[in-house]
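A quick write-up on the structure given underneath.
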Amino acid sequence: MLSIGEFSRISKVSTKTLRYYAEIGLLLPDEINPKSGYRYYSIDQLETMLFINRLKSYRVSLEEIKKILESEESQDELLYLALTRKKKEIEKQMQEFQKNLGQLNEDLSNLKQGKSIMSYLENIDIQLVEIPMMYLLSIRKLVHECDFAEEYGNCFGQLFREIADERLTMLAPPMVLFHSAEFSPYGLDTEFAIPVKEYVTGTRDFYPGLCLKTVLYGSYSDLSSVYTKQREWAEKEDYESSDALYEVYVTDPSQISEESELITEIYYPVRKKV
């Protein structure tokens, strides 16, 4: 048997943490002296502690580690699922770090050349285009930013089923219209829509008219840069907003393996200021 101090020294886990693990039922002492209250751990528990530390290094929550340890029959299955999920999370983080590193190198290069790190905005192309009237089959609701991806899947899944059931003709890729003029704690007024050929129950007219159009190749995180550039262009050329800004998703985000493969068209309906 090992005292809590010895166990702490060997496992490199503080006695305070060991007491907390016992409190939440993650790793209980093998024996507690009823008179002194001293805690003792078995040699076998050292390997359990190594197992816990290994999963913690993958950022698996203590609650999930506890479930894995308690599920003797399905332990391997739960462990595989947890590690697979963490692998995907780490891969995503690595992609984000790689992108940040690329941006950092580009910024350093620009600074060495005496350029602003915001000079990338100059490469955002803006076209003034006329968009004809279209029929939209849509779902409009308040959506919190953190729920957007889930709502995107749910709403477009529902719309695609309706198109199939009603045998409608889809004329363009899915699009999302943002009707909110400002941030709201209740969510953004968001409309998930698909242009269709037929005018039936559930569809509506949408005539964007004159729009600023930009095509974005790559991550959705760059959308705010496009919004900024479009607003600057509109202000400089004496235009103002005339309708909801909308995005057309040329590529299906669920069907691509790299963010660099994403293609998004951003439309900002405008009119000349009076």
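Note that the UniProt record's numbering gives residue 48 to position 48 of the sequence shown, counting from 1, and the numbers run on in steps of one. The beta carbon of each residue, even a glycine, is placed where N, CA and C say it ideally should be.
Inspect the CB distances between the region 127-139 and the region 198-208 and report whether three or more fall short of 8 Å. yes
Hey, how far is the Cα of TYR220 from the Cα of LYS115? 25 Å
Length-filtered (4 minimum) alpha helix (DSSP H) runs lying within the UniProt domain "HTH merR-type" (1-71): 4-11, 15-23, 44-57, 62-70
Boundaries (first-last residue) of the alpha helix (DSSP H) holding LYS92: 75-112
Comparing C-alpha positions only, which one of ASP243, ALA181, TYR152 sits nearest to TYR207? ASP243
Closer than 8 Å is the cut-off here; do at least three beta carbon pairs connect the region 70-77 with the region 44-60? no
Report buried or exposed for ARG39, applying the criterion of at least 16 other Cβ atoms within 10 angstroms of its Cβ. buried
Distance, MET118 Cα to THR264 Cα: 21 Å
Runs of beta strand (DSSP E) wholly within the region 186-241 (minimum 3 residues, chain order): 188-196, 203-206, 209-217, 239-241
Starting from ARG271, follow the beta strand (DSSP E) in both directions and report where the run begins and ends. 263-272
Which of the three DSSP states, helix, strand or coil, is assigned to LEU245? strand
Confirm, please, whether the CB-CB distance from LYS66 to GLY25 is below 8 Å. yes
Counting Cβ pairs closer than 8 Å, one from the region 241-256 and one from the region 173-181, do we hit at least three? yes
Name the residue from LYS99, LEU27, ILE266, LEU188 whose alpha carbon lies nearest to the alpha carbon of LEU62. LEU27
Could you check which residue in ILE126, SER257, ARG204, LEU159 has the C-alpha nearest to that of GLU232? ILE126
ARG167 lies in the beta strand (DSSP E); which residues open and close that run? Per DSSP, ARG167 belongs to no beta strand (DSSP E) and is neither H nor E.
What residues match up with SER138 in a beta bridge as DSSP calls it? ALA193
Rounded to a whole number of angstroms, what is the C-alpha to C-alpha distance between residue 285 and TYR58? The displayed coordinates of the chain run from 1 to 274. Any statement about residue 285 would go beyond what the structure contains.
Hey, out of TYR267, ASP30, LEU223, ARG85, whose CA is closest to SER241's CA? TYR267
Chain-order list of residues whose beta-carbon lies under 8 Å from that of ILE124 (same chain, five-residue window excluded): THR214, SER225, VAL226, LYS229
Per DSSP, which residues does GLN255 bridge with? Please list them. Answer is none; GLN255 lacks a bridge partner.
GLU130 - DSSP class collapsed to helix/strand/coil: strand
Tell me the DSSP secondary structure of PHE183 in three-state form. coil
Do you know offhand how far ASP107's Cα is from THR17's? 43 Å
Classify residue 280: buried if its beta carbon has 16 or more other beta carbons within 10 angstroms, exposed otherwise. Shown here, the chain extends from 1 to 274; a query on residue 280 therefore has no answer.
Pull up the distance between the alpha-carbon of ARG85 and that of ILE163, whole angstroms please. 33 Å
For LEU177, list the residues DSSP reports as bridge partners. GLU191, TYR246
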